[in-house]
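K.L.:
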Amino acid sequence: MDPLKALADAERKPYWLDRAIAPEPSPRLVGQVSADLAVVGGGFSGLWTALMAKERDPSLDVVLLEGREIGWAASGRNGGFCAASITHGLGNGLDRWPEEIGTLDRLGRENLDEIEASLARHGVDCSFERTGEVRVATRDWELGGLDEEAALGASLGLRMERLDREQMRAEVDSPTYLGGLWDRDGAAMVDPARLAWGLRDACLRLGVRVFERTPVRSLRDGGSLLELGTPLGMVRASMVALGTGAFAPLLSRLRHFLVPVYDYVLMTEPVPAERLAEIGWRNRQGLGDSGNQFHYYRLTDDNRILWGGYDAVYYNGGLITAGHDQRDATFETLARHFYETFPQLEGVRFSHKWGGVIDTCSRFSAFFGTAYGSRLAYAAGYTGLGVGATRFGANVMLDLLSGERTERTRLRMVRRKPVPFPPEPLRSGVIQLTRWSLARSDAQEGRRNAWLRTLDAFGLGFDS
Ligand SMILES: Cc1cc2nc3c(=O)[nH]c(=O)nc-3n(C[C@H](O)[C@H](O)[C@H](O)COP(=O)(O)OP(=O)(O)OC[C@H]3O[C@@H](n4cnc5c(N)ncnc54)[C@H](O)[C@@H]3O)c2cc1C
């Protein structure tokens, strides 16, 4: 189908946030309040931090400050793949922390189990479906990567199933598929906005004071308490947790480690059951392909198909602006790839198209730390795989603030920082060269040029 026609009536908004069930925002902060813990950011990082702080100690007075509305940013507009991996995939984890990969994998899987249990305990209905995720190969040279990951999974005792072409097409039928690897326990599909809203409700029920439309403009040490300045008020808190994602960090040192990268998504209208039957997909797994530039796609509870990824865009200078949420050239590419993957769905149209910003760091997985004599903790850098991992990061922040040494805080992954990005304008040059090289590598059977090999040697890269 002509991509332009298929996109013509699509709303320029995130589907998940564009629903009547969106709650009224909580009030702004007006005046001065004090708290034991102030959490900045109302995405998954901040929400899990506030919720688990109250679970750890119900007497703790917790305030959550969100600059706009809960879940409006990455947390409410993502693909909804809630992965067990806290290392942006097994391969990335193995490359960076070979001595810790077993522990990191176990902690990630425990985290996903705990998310499932926590959602049940707090009555958060976000269509959580523990379907697992299949990585598909669509080019011959990608099959080796699936074999390697299958072997690694087997060595860690994971329930990963290598599917040949016929087995893969029996699960989900695309003429482009050459094989797949199904990590059966490693991911759940969620409705991300309902997850954010549900966590907000759970926080409110436990007594967290939530202030929306309350951007924190300043942070300073006011002696025994830290002071967070907002347009109409101030919070004075003994401890602060920062979960501010890709946005300009309140702690200037974090700027060196984070770049804002835009990722784009399409959502189809609901696909009628008889049309969906043409491609199978009875087990409703999340799917992703294996190139450097990859697509991710999944079903919603009303059988829409979310189709995103491929172009991960860094706008030179690193500006975050609403204008970047829309990129017609990328939407057209995505739509074209959709019909190439599923020609059976000719005629199915898109209802929504949107983008969002992710907090990319050079090691593709979160980093952590403290400031102000360990009265402030932060976690950022999830690089496009934070739906599940932010809960792990929230636990790390709470461990760091408590001063307790835990299995989590002893990890090298937690103790070490990623390599910083160079300052602009070098930053833009380096990132655009890397993006160009990755696209070229996909076009040349995965061969990596001298630039990518140099980055590989230093454990650096660019991903979404
Ligand atoms: C299009 C897209 C698709 C994605 N798909 C997936 C996926 O399928 N699976 C996956 O695991 N991950 C995915 N991700 C990444 C995932 O959404 C993020 O890793 C995760 O949501 C990060 O949560 P967060 O709370 O750290 O950040 P955010 O959700 O960005 O929240 C940060 C919040 O902090 C607030 N804030 C910032 N500064 C201040 C301030 N000074 N004062 C007050 N508030 C402030 C912001 O307003 C924002 O609400 C995707 C991301 C995008 C954009």
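Going by the UniProt record's numbering, the sequence shown runs without a break in its numbering and finishes at 464. Think of the CB as a built atom: it goes at the ideal place given N, C-alpha and C, for glycine as much as any other residue. If you're wondering where the values come from, they're calculated on a predicted model, not measured in any experiment.
(1) According to DSSP, Arg135 sits in a beta bridge with which residue or residues?
(2) Since Arg16 and Gly76 are thought to touch, with beta carbons under 8 Å apart, how far apart are those beta carbons, to the nearest angstrom?
(3) Does DSSP classify Asp36 as helix, strand or coil?
(4) Taking 7 Å as the cut-off, is the beta-carbon of Ile305 closer than that to any non-hydrogen atom of ligand 1?
(5) Within the chosen definition, does the region 135 to 155 reach the region 303 to 320 through at least 3 CB pairs nearer than 8 Å?
(6) Could you pull out every residue in the same chain whose Cβ sits closer than 6 Å to the Cβ of Thr268, ignoring the five residues on either side in sequence?
(7) Figure out for me which residue from Trp141, Arg375, Glu116, Ala53 has the closest Cα to the Cα of Arg209.
(8) Compare the C-alpha of Gly446 against each of Tyr382, Asp456, Arg139, Gly317 and name the closest.
(9) Considering only residues of the region 32 to 118, which uninterrupted beta strand (DSSP E) runs meet the minimum length of 3 residues and lie entirely inside it, listed in chain order?
(10) Measure the Cβ-Cβ separation of Ala83 and Glu133 and say whether it is below 8 Å.
(11) Quick check: what's the CA-CA separation for Asp2 versus Tyr177?
(12) Out of Tyr382, Glu340, Thr341, Pro343, which has the shortest C-alpha to C-alpha gap to Asp359?
(13) Do you know offhand how far Leu7's Cα is from Glu161's?
(14) Kindly indicate which residue of Gly373, Arg427, Ser118, Leu204 has the alpha-carbon position closest to the one of Ser224.
(15) Which word fits Ile86, buried or exposed, when buried means at least 16 other C-beta atoms lie within 10 angstroms of its C-beta?
(16) DSSP three-state label for Phe364, please.
(17) In this structure, how does DSSP classify Lys353 when only helix, strand and coil are distinguished?
(18) For Ser34, which residues from the same chain have a beta carbon less than 6 Å from its beta carbon, with the 5 sequence-adjacent residues on both sides left out?
(19) Measure the alpha-carbon distance for Pro25 versus Pro215 and round it to whole angstroms.
(20) Could you tell me whether any non-hydrogen atom of ligand 1 is closer than 7 Å to the CB of Tyr296?
(21) With DSSP run on the structure shown, which of helix, strand or coil describes residue 467?
(22) Any heavy atom of ligand 1 within a distance shorter than 7 Å of the CB on Gly67?
(23) Do Leu219 and Leu258 have their beta-carbon atoms positioned less than 8 Å apart in this structure?
(24) In this structure, does DSSP put Pro260 in helix, strand or coil?
(25) For a test of the three-state rule: what should DSSP assign to Leu146, helix, strand or coil?
(26) Quickly, what does DSSP pair His295 with across the bridge? List them, please.
(27) With DSSP as the reference, label Met1 as helix, strand or coil.
(28) Drop a sphere of 10 angstroms on the beta-carbon of Asn78, count the other beta-carbons inside from all chains shown, and report buried for 16 or more, exposed for fewer.
(29) Taking all protein chains shown into account, decide if Val396 is buried (16 or more other Cβ within 10 angstroms of its Cβ) or exposed.
(30) If you count every other CB in all the chains shown that lies within 10 Å of the CB of Val414, and 16 or more means buried, which is it?
(31) Three or more beta-carbon pairs under 8 Å between the region 328 to 341 and the region 107 to 118, yes or no?
(32) Excluding the five sequence neighbours on either side, which residues of its own chain have a C-beta within less than 6 Å of the C-beta of Tyr339, listed in chain order?
(33) Assuming Leu226 contacts Leu376 under a Cβ cut-off of 8 Å, what Cβ separation, rounded to an integer in Å, is found between them?
(34) In chain order, which continuous runs of the alpha helix (DSSP H) of length 4 or greater are located wholly inside the region 390 to 458?
(35) By Cβ distance below 7 Å, which residues in the same chain neighbour Thr341 in space, the five residues on each side in sequence not counted?
(36) May I ask you to verify whether the region 402 to 413 touches the region 272 to 283, counting CB pairs closer than 8 Å and requiring at least 3?
P.N.:
The short version:
(1) Leu181, Gly288
(2) First, the amino acid is wrong: residue 16 is Trp here, not Arg. 6 Å between Cβ atoms; contact.
(3) strand
(4) no
(5) no
(6) Arg304, Ile305, Val348, Phe350
(7) Ala53
(8) Arg139
(9) 62 to 65, 81 to 83
(10) yes
(11) 22 Å
(12) Tyr382
(13) 35 Å
(14) Gly373
(15) buried
(16) coil
(17) strand
(18) Arg236
(19) 14 Å
(20) yes
(21) The structure shown has nothing for residue 467, since the chain only spans 1 to 464.
(22) yes
(23) no
(24) strand
(25) helix
(26) Gly309
(27) coil
(28) buried
(29) buried
(30) buried
(31) no
(32) Met1
(33) 6 Å
(34) 412 to 415, 426 to 443, 450 to 457
(35) Ser174, Thr176
(36) no
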